[in-house]
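Numbering (the numbering used here), first residue to last: 470 to 580.
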């Protein structure tokens, strides 16, 4: 079955959209780290440094989110729907989990 897509344009509230941008970037970078077998020090640094700019931008406007929800409810809801879709895509549009290398040893290491 072939799924047809169509492109739509939506308006979303700025501050909530920026929070979702940051979450999507963190998710994307975390998924990339998992592809190669998670290396704690190296990958945490990549995720943190790679998402810092978007996270900083989001944090600056977070206090405005309640007003966005009140004043522009439909655009606020759209920001959440589109944002959740971006985070989901960062996970699902990657290789399946079984294609990732296993970062844990499989042999018995009991003492």
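We put the CB at the ideal spot given by N, CA and C, even for glycine. From a predicted model like this one, the values you see are computed outputs, not experimental measurements.
Span of the alpha helix (DSSP H) around residue i
i, result
"residue 474", "Taken as a continuous stretch (DSSP letters only), residue 474 belongs to no alpha helix (DSSP H), as it is neither H nor E."
"residue 555", "542-561"
Local conformation of residue i per DSSP, three classes
i, result
"residue 574", "In this prediction, residue 574 has a pLDDT of 49, which is less than 50 and means its spatial position is unreliable; nothing more can be read from the coordinates."
"residue 527", "helix"
"residue 482", "coil"
"residue 532", "helix"
"residue 569", "Because residue 569 carries a pLDDT of 49, less than 50, the predicted location of this residue cannot be relied on, and the following value inherits that uncertainty. The answer is coil: DSSP assigns residue 569 none of H, G, I, E or B."
Residue i vs residue j beta-carbon contact at 8 Å
i, j, result
"residue 496", "residue 556", "yes"
"residue 523", "residue 502", "no"
"residue 487", "residue 526", "yes"
"residue 519", "residue 494", "yes"
Supposed close pair residue i, residue j - CB separation, criterion 8 Å
i, j, result
"residue 559", "residue 509", "Their Cβ separation, rounded to whole angstroms, is 20 Å, which puts residue 559 and residue 509 out of contact at 8 Å."
Task: Three-pair Cβ contact test at 8 Å for the region 535-552 versus the region 481-498 - done: For the pair of segments examined, the region 535-552 was found to touch the region 481-498: the number of CB pairs separated by less than 8 Å reaches three.
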